Amino acid sequence: MAVVKVLVEGYAREGNGFYEATCTTVLIEDSGKKIVVDPGCNKDLLLLALKKEGLTPNDIDLIFLTHYHVDHVLNIMLFSGKDILDGNTIYRGDKEFSFKGKIPGTNVEIIETPGHAHEHATPLVKTEKGVIAIAGDLWWWEDGKQKTDKESLLSLKDPFVKNKSALLKSRKLILEKSDYVIPGHGKMFKVDK
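Each residue of the sequence shown is one higher than the one before, starting from 112 at the first, in the numbering used here.
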């Protein structure tokens with residue numbers, strides 16, 4: 112079974128004349144591979160979290176991006192020479208390779224979940240705890256505003272949405288397929304079935 116660990120819990124909040132945010136960064140260990148999902152943009156928090164796990168960026172095998180917003184991708188520069196994956200493509204330097212269904216060499220299923228962004232994709236990971244969806248920004252909250260009852264999850268407004276109907280369809284799909292959800296900004300929650 113795979114292991115999923117939140118390295119950095121994402122946040123989004125108003126500052127004094129600015130806005131600050133970084134996404135939730137997750138470590139998946141599956142089939143002998145270490146995968147970082149959404150390395151975020153707070154370099155210090157990520158490096159400290161890796162150090163607490165006894166890891167450095169060199170110990171990571173793959174980087175998976177749920178989507179391309181800067182608060183999710185800026186730290187990819189820490190993982191020089193590593194394969195970068197999105198919902199259907201592996202980027203290796205200047206080469207691109209297609210894949211479908213699972214991250215190659217692992218049991219991590221990838222589901223296309225457009226809405227927040229057109230390219231948005233969600234890893235589904237089977238663990239001893241159940242299926243965990245690393246849902247990127249299908250759901251995200253400003254600090255302290257997280258509500259996880261089904262009605263709130265389906266009606267949550269997203270000011271950056273690209274396609275409202277696709278987002279709702281993606282949210283419903285992930286709630287059906289998962290036991291737990293790790294949102295892009297906020298705390299992991301259990302799905303009420």
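Where is the CB? At the ideal position from N, CA and C, for every residue including glycine. These figures come from a predicted structure and were not determined experimentally.
- Between the region 203–217 and the region 257–264, the count of C-beta pairs closer than 8 Å stays below three; the two stretches do not touch.
- Straight-line spacing of the CA atoms in L279 and I285 works out to 10 Å.
- Listed as beta-bridge partners of A113 by DSSP are T238.
- In this structure, the alpha-carbon of G128 lies about 27 Å from that of I187.
- Using a Cβ-Cβ distance cut-off of 8 Å, the region 229–241 and the region 170–177 are in contact, since at least three pairs of beta carbons, one from each stretch, lie closer than that value.
- Each residue's CA atom was taken as its position, placing G297 and D303 some 17 Å apart.
- Contact between L159 and G151 does not hold, since the beta-carbon distance rounds to 12 Å and is not under 8 Å.
- Note that the C-beta distance between H229 and N274 is below 9 Å.
- G204 is positioned such that its CB atom lies no closer than 9 Å to that of D269.
- With respect to L166, K193 sits apart: the two C-beta atoms are not nearer than 9 Å.
- The residue among K162, E164, L185 and S191 with its C-alpha nearest the C-alpha of L173 is S191.
- Cα atoms of I293 and K162: separation of roughly 22 Å, rounded to the nearest angstrom.
- Burial of V184 is indicated by the presence of at least 16 other C-beta atoms within 10 angstroms of its C-beta.
- Taken in chain order, the complete beta strand (DSSP E) segments of 3 or more residues contained in the region 186–265 are 194–196, 200–203, 206–209, 220–223, 232–238 and 241–245.
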